[in-house]
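Reading through the structure tokens given below for one structure.
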Amino acid sequence: MAPPTSPTGPSTDPSTCPAAAARIEVVDLTASYHGRPAVAGVNLKIEPRQVTALIGPSGSGKSTLLRCMNSMHLTVPGAGVTGSVLLDDVDIYTAKISPVEIRQRVGMVFQRPTPFPTMSIRDNVLAGLHLGRRLGRGSHDDLVEQALVRAGLWHEVKDRLKAPGGRLSGGQQQRLCIARALAVEPEILLMDEPCSALDPSATLTVEDLIKEIKQTYTVVIVTHNLQQAARVADTTAFLTVPAAGEPGRLVEVGPTERIFSTPRQQATEDYITGKAG
Amino acid sequence: MAAGPSTLPGRRSARRGLAVNAAVTAVLALAAVAAVALLLWVLAYVAGQGLRYLGPTFLTRTPPGDPAQAGGGFVNGIIGSVIIVGIATALSAPIGIAAAVHLAEYGGRLARAAGFLTDVLIGLPSIVTGAFVYALWVVNFGFSGLAGAAALFLVMLPLVIRATAEVLRLVPDDLREASLALGASHARTIVSIVLPTARSGITTGVLLAVARAVGETAPLLLTALGNDLFVETNPTHRMSTLSLQIFNNAVTGFRTAQARAWAGTLTLVLIVLAFSFGARLLGRRGIAHSAR
Ligand SMILES: Nc1ncnc2c1ncn2[C@@H]1O[C@H](COP(=O)(O)OP(=O)(O)OP(=O)(O)O)[C@@H](O)[C@H]1O
Ligand SMILES: [Mg+2]
Numbered sequence: 066m067a068p069p070t071s072p073t074g075p076s077t078d079p080s081t082c083p084a085a086a087a088r089i090e091v092v093d094l095t096a097s098y099h100g101r102p103a104v105a106g107v108n109l110k111i112e113p114r115q116v117t118a119l120i121g122p123s124g125s126g127k128s129t130l131l132r133c134m135n136s137m138h139l140t141v142p143g144a145g146v147t148g149s150v151l152l153d154d155v156d157i158y159t160a161k162i163s164p165v166e167i168r169q170r171v172g173m174v175f176q177r178p179t180p181f182p183t184m185s186i187r188d189n190v191l192a193g194l195h196l197g198r199r200l201g202r203g204s205h206d207d208l209v210e211q212a213l214v215r216a217g218l219w220h221e222v223k224d225r226l227k228a229p230g231g232r233l234s235g236g237q238q239q240r241l242c243i244a245r246a247l248a249v250e251p252e253i254l255l256m257d258e259p260c261s262a263l264d265p266s267a268t269l270t271v272e273d274l275i276k277e278i279k280q281t282y283t284v285v286i287v288t289h290n291l292q293q294a295a296r297v298a299d300t301t302a303f304l305t306v307p308a309a310g311e312p313g314r315l316v317e318v319g320p321t322e323r324i325f326s327t328p329r330q331q332a333t334e335d336y337i338t339g340k341a342g
Numbered sequence: 293m294a295a296g297p298s299t300l301p302g303r304r305s306a307r308r309g310l311a312v313n314a315a316v317t318a319v320l321a322l323a324a325v326a327a328v329a330l331l332l333w334v335l336a337y338v339a340g341q342g343l344r345y346l347g348p349t350f351l352t353r354t355p356p357g358d359p360a361q362a363g364g365g366f367v368n369g370i371i372g373s374v375i376i377v378g379i380a381t382a383l384s385a386p387i388g389i390a391a392a393v394h395l396a397e398y399g400g401r402l403a404r405a406a407g408f409l410t411d412v413l414i415g416l417p418s419i420v421t422g423a424f425v426y427a428l429w430v431v432n433f434g435f436s437g438l439a440g441a442a443a444l445f446l447v448m449l450p451l452v453i454r455a456t457a458e459v460l461r462l463v464p465d466d467l468r469e470a471s472l473a474l475g476a477s478h479a480r481t482i483v484s485i486v487l488p489t490a491r492s493g494i495t496t497g498v499l500l501a502v503a504r505a506v507g508e509t510a511p512l513l514l515t516a517l518g519n520d521l522f523v524e525t526n527p528t529h530r531m532s533t534l535s536l537q538i539f540n541n542a543v544t545g546f547r548t549a550q551a552r553a554w555a556g557t558l559t560l561v562l563i564v565l566a567f568s569f570g571a572r573l574l575g576r577r578g579i580a581h582s583a584r
């Protein structure tokens, strides 16, 4: 079991870490756009304090599945869901939880960095708290510092917190977005190809960060980069489109090492050895 | 260069292509030069005529009681323009921006209908707007600055809606998603993320609508009517505007009055240019800021 305090170093103060990482269970989930299923029949358990990677060819429904986990999917016009997503055993689609509350518990980081262009670095970090009206006026320096430290950005920006967030490099912007997501203190962090707009060294920085934050959060990451999945993920799930025009399916889930060394399904093996997708 | 007979036709057609290209480029450049020259000529002519009379008294005095007399100014028209356009802006900016938010951020059948109506209204000749306000308001309550403001409101509203909706569509969807993903509601996202990001673009749109309204004359003839005699600040009475005074003084036929009209024209051009330049500056800064 995980010890109560982080054994790997003093970088985070355990007393300020969020209470618990949550578990997600996806049960028989089908997500559709305009009545056409994009991904169907998914059953998947996502364990807390682990990194789960979703891999698979383009169009297999990785992003759609990920966006079902914080109900962002339903913000798309014409989108629909059947089945359930259990967040610590409570179904987010039938229980009376507002999407707003779900998204405060399940944070998300996107493929392209999206700092709010009208806000300073500091305001970007606090944006989630202000938008959710969970914070009064004030500078909240402690919250800003804590989130930026956790996102590994503090030392680079501590002297220019008032500069616009858009003035940072791409990798820094992405870490700013991670800080912004962490400041809300979610239990789960969803990441959709968070490194695909970054150069190799910024990618490594973000990967180190992911390994760091999984001590306290549940992380689900979509990636096209199989080495990345191998580097950061404890569990890997492979999705594919069985035949053109059909919805994406979850083919295989397992510990990352097992998936990459001895896949049980032919489709998985073809994909990771580069024969398909 | 030595060229075989087989390559000759190809080279000739290539040369012809170059010649056509050069000719087209020259014609296009000529058209651009002609257009710019014409505009500069108009501006220079207005400036030349206007500067002969424009002076401090023009901006501080009302016209003389007898239009044949020289001297006097358009201060009542300038004040009237500020009041009437001010009221029209105070109404059309918030209503127009709110309507544009509905159009661009909510969609649906109502939004599509409103978008179509906006386009129709933009194309409506402003004299029609004036006639409409005349029939509905002036016939019952008489000429007034408020009636003029109502007519200009109808001129400005579709311009504000169209400009704002267009700017809102330029705001990247990524930002809306990022805000929703942070747990913000749809309304909160619009107020705290979308509108601030589009702010300078929206201001540009409003400024351009103001510039357009300041120059409107036809709808005001049927509503505010004009008042050349004294400064009127009560918008429930008939009022002059800069554009109305230009018109009234120009049609008298007296050289003295026409001199005043030219000075008024120059003042109007300067005001419109100031708004247009302001809009341009803001627009340039805004797009660069929000898109990147
Ligand atoms: N907004 C949308 N409207 C309609 N169909 C969509 C929409 N977004 C995705 N789809 C469809 O859903 C299917 C799954 O798309 P999704 O984006 O989830 O795939 P993905 O695995 O994330 O692909 P990629 O690796 O290219 O990001 C695709 O067939 C796609 O065409
Ligand atoms: Mg995707």
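Protein sequences appear in the order of chains U and W.
Going by the numbering used here, the first sequence opens with residue 66, and the numbers climb by one from there.
Going by the numbering used here, the second sequence opens with residue 293, and the numbers climb by one from there.
All C-beta atoms, glycine included, are put in the ideal place defined by N, C-alpha and C.
Practice prompt. Spell out a yes or no on whether the stretch 221-232 of chain U and the stretch 177-188 of chain U are touching, meaning 3 or more CB-CB pairs, one atom from each, closer than 8 Å.
Written response: Judged by Cβ distances under 8 Å, the stretch 221-232 of chain U makes contact with the stretch 177-188 of chain U, as three or more pairs qualify.
Fill in: 7 Å Cβ cut-off: residues of chain W touching G193/U
On the first sequence, residue 193/U is found 128 positions in, with the first residue counted as 1. The CB of G193/U comes closer than 7 Å to the CB of L474, G475 in chain W, given here in chain order.
Worksheet entry | Partners in chain U for I485/W, counting only beta-carbon separations shorter than 7 Å | In the second sequence, residue 485/W corresponds to position 193, counting from 1. Ordered by position in chain U, the residues that pass the 7 Å Cβ test against I485/W are F181.
Discussion item. Looking at chain W, is there any beta carbon in it that lies within less than 7 Å of the beta carbon of M173/U?
Written reply: In the first sequence, counting from the first residue as 1, residue 173/U sits at position 108. Yes, M173/U counts as interfacial toward chain W.
Worksheet item: By DSSP, does V104/U sit in helix, in strand, or in coil?
Response: Numbered from its first residue, the first sequence carries residue 104/U at position 39. If DSSP states are grouped into helix, strand and coil, V104/U belongs with the strands.
Worksheet entry | Reduced DSSP category for T305/U - H, G, I as helix; E, B as strand; rest coil | The residue you call residue 305/U lines up with position 240 of the first sequence. Of the three classes helix, strand and coil, the one that applies to T305/U here is strand, per DSSP.
Item to complete: Closer than 7 Å by C-beta to E458/W: which residues in its own chain qualify, once you throw out the five before and the five after it? Chain order, please.
Response: Within the second sequence, the letter at position 166 stands for residue 458/W. Apart from sequence neighbours up to five positions away, no residue of its chain approaches E458/W with a beta-carbon distance below 7 Å.
Worksheet entry | Proximity below 7 Å, CB of P511/W to CB of G422/W | Walking along the second sequence from the start, residue 511/W turns up at place 219. Walking along the second sequence from the start, residue 422/W turns up at place 130. Closer than 7 Å, so yes.
Item to complete: My understanding is that V146/U touches L94/U, with C-beta atoms under 8 Å, so please give their C-beta distance in whole angstroms.
Response: Counting from 1 along the first sequence, the entry for residue 146/U is found at position 81. Counting from 1 along the first sequence, the entry for residue 94/U is found at position 29. About 7 Å; that satisfies the 8 Å criterion.
Practice prompt. Could you have a look at G145/U and say whether DSSP puts it in helix, strand or coil?
Written response: Indexing the first sequence from 1 puts residue 145/U at position 80. In the three-state DSSP reduction, G145/U falls in the strand class (E or B).
Practice prompt. Report yes or no: is there a C-beta of chain U within less than 7 Å of the C-beta of T489/W?
Written response: Here residue 489/W corresponds to residue number 197 of the second sequence, with the count starting at 1. Chain U places a beta carbon closer than 7 Å to that of T489/W, counting this residue as a contact.
Fill in: Alpha-carbon to alpha-carbon, G570/W and L499/W
Walking along the second sequence from the start, residue 499/W turns up at place 207. Walking along the second sequence from the start, residue 570/W turns up at place 278. So the alpha carbons of these two residues sit roughly 8 Å apart.
Fill in: Amino acids of chain W, ordered along the chain, whose beta-carbon sits closer than 9 Å to that of Q115/U
Locating residue 115/U in the first sequence gives position 50, where the first residue counts as 1. By Cβ distance, chain W contributes nothing, its closest Cβ being about 21 Å from Q115/U, past 9 Å.
Practice prompt. Check the Cβ-Cβ distances between I579/W and every residue of chain U, and say whether any is below 7 Å.
Written response: If you number the second sequence from 1, residue 579/W lands on position 287. Because the pLDDT at I579/W is just 45, under 50, the model does not fix this residue reliably, and the point stays unresolved.
Fill in: Exposure of E272/U, with buried meaning 16 or more beta-carbon neighbours within 10 Å
Walking along the first sequence from the start, residue 272/U turns up at place 207. So E272/U ends up on the buried side.
Fill in: Exposed unless 16 or more other CB atoms sit within 10 angstroms - verdict on S266/U
Mapped onto the first sequence, residue 266/U falls at position 201. Residue environment analysis places S266/U among the exposed positions, since fewer than 16 neighbouring C-beta atoms fall within 10 angstroms of its C-beta.
Worksheet item: Near A192/U, which residues of its chain fall below 7 Å by C-beta distance, leaving aside the five closest residues on each side in sequence?
Response: Here the question's residue 192/U lines up with position 127 in the first sequence. F181, M184, R245.
Item to complete: Give the secondary structure of T70/U by DSSP, where H, G and I count as helix, E and B as strand, and everything else as coil.
Response: Indexing the first sequence from 1 puts residue 70/U at position 5. Residue confidence is low: T70/U scores 42 on pLDDT, short of 50, so the model does not pin down where it sits. Its coordinate-derived value is still stated next. T70/U sits in coil when the DSSP states are folded into three classes, being neither helix nor strand.
Worksheet item: Can a CB atom of chain W be found closer than 7 Å to the CB of L196/U?
Response: Position 131 of the first sequence, counted from the start, is the residue given in the question as residue 196/U. Closer than 7 Å to some Cβ of chain W, the Cβ of L196/U qualifies, so yes.
Worksheet item: Do three or more CB pairs link the stretch 312-321 of chain U to the stretch 149-156 of chain U at distances below 8 Å?
Response: Look at the beta carbons and you see the stretch 312-321 of chain U not touching the stretch 149-156 of chain U: under three pairs across the two are nearer than 8 Å.
Discussion item. For E258/U, would you say it is in contact with chain W, using Cβ-to-Cβ distances shorter than 7 Å as the test?
Written reply: Residue numbering aside, residue 258/U sits at position 193 when the first sequence is read from its first letter. It does not; no Cβ of chain W falls within 7 Å.
Worksheet entry | Unbroken alpha helix (DSSP H) run spanning R199/U, endpoints | In the first sequence, residue 199/U corresponds to position 134, counting from 1. First-last for R199/U: undefined, no H or E at that position.
Worksheet entry | K279/U burial status per 10 Å Cβ neighbour count (16 or more: buried) | If you number the first sequence from 1, residue 279/U lands on position 214. Buried.
Worksheet item: Does any residue of chain W bring its CB to less than 7 Å from the CB of V165/U?
Response: Locating residue 165/U in the first sequence gives position 100, counting from the first residue. Judged by the 7 Å Cβ criterion, V165/U is in contact with chain W.
Worksheet item: Under 8 Å Cβ-Cβ, which residues of chain U neighbour E469/W?
Response: Numbered from 1 along the second sequence, position 177 holds the residue referred to as residue 469/W. Neighbours of E469/W on chain U, chain order: M137, T140, F175, T179.
Practice prompt. Using beta-carbon positions only, say whether T305/U and G126/U come within less than 7 Å of one another.
Written response: Your numbering for residue 305/U matches position 240 in the first sequence. Your numbering for residue 126/U matches position 61 in the first sequence. Not in contact: T305/U and G126/U (Cβ atoms no closer than 7 Å).
Worksheet item: At a cut-off of 6 Å, is S123/U close to ligand 3 when judged by its beta-carbon and the heavy atoms of the ligand?
Response: Among the ligands in the structure shown, ligand 3 does not appear; only ligand 1 and ligand 2 can be found there.
Item to complete: In the DSSP assignment, find the unbroken alpha helix (DSSP H) run with V459/W in it and report its ends.
Response: Looking up residue 459/W in the second sequence gives position 167. Here the alpha helix (DSSP H) through V459/W covers 437-462.
Worksheet item: Is DSSP giving R314/U helix, strand or coil here?
Response: For this step, residue 314/U is matched to residue 249 along the first sequence. The three-state secondary structure of R314/U, taken from DSSP, is strand.
Practice prompt. Output the distance between the C-alpha atoms of V190/U and C242/U, rounded to the nearest integer angstrom.
Written response: In the first sequence, residue 190/U corresponds to position 125, counting from 1. In the first sequence, residue 242/U corresponds to position 177, counting from 1. Approximately 8 Å between the Cα atoms of the pair.
Worksheet item: Does the separation of the CB atoms of R353/W and V338/W fall below 7 Å?
Response: Numbered from its first residue, the second sequence carries residue 353/W at position 61. Numbered from its first residue, the second sequence carries residue 338/W at position 46. No, Cβ-Cβ distance for R353/W and V338/W is not below 7 Å.
Item to complete: Quick one: list the residues of chain W neighbouring V249/U, beta-carbon separation under 9 Å, in chain order.
Response: For the purposes of this step, residue 249/U is taken as residue 184 along the first sequence, with counting starting at 1. Simply L474, G475.
Worksheet item: Shortest alpha-carbon distance to V287/U belongs to which of S128/U, A86/U, A103/U, H99/U?
Response: By 1-based counting over the first sequence, the position of residue 287/U is 222. Checked all of S128/U, A86/U, A103/U, H99/U; the closest Cα to V287/U is S128/U.
Worksheet item: For L331/W, which residues of its own chain have a beta-carbon under 8 Å away from its beta-carbon, when the five flanking residues on both sides are left out?
Response: The residue you call residue 331/W lines up with position 39 of the second sequence. Closer than 8 Å at the Cβ level, and outside the excluded window around L331/W, lies no residue.
Worksheet item: How many Å lie between N519/W and G342/W at the Cα?
Response: The residue given as residue 519/W occupies position 227 in the second sequence. The residue given as residue 342/W occupies position 50 in the second sequence. Cα atoms of N519/W and G342/W: separation of roughly 22 Å, rounded to the nearest angstrom.
Fill in: Beta-bridge pairing of D257/U - partner residues as DSSP gives them
Position 192 of the first sequence, counted from the first residue, corresponds to residue 257/U. Per DSSP, the beta bridge partners of D257/U are V287/U.
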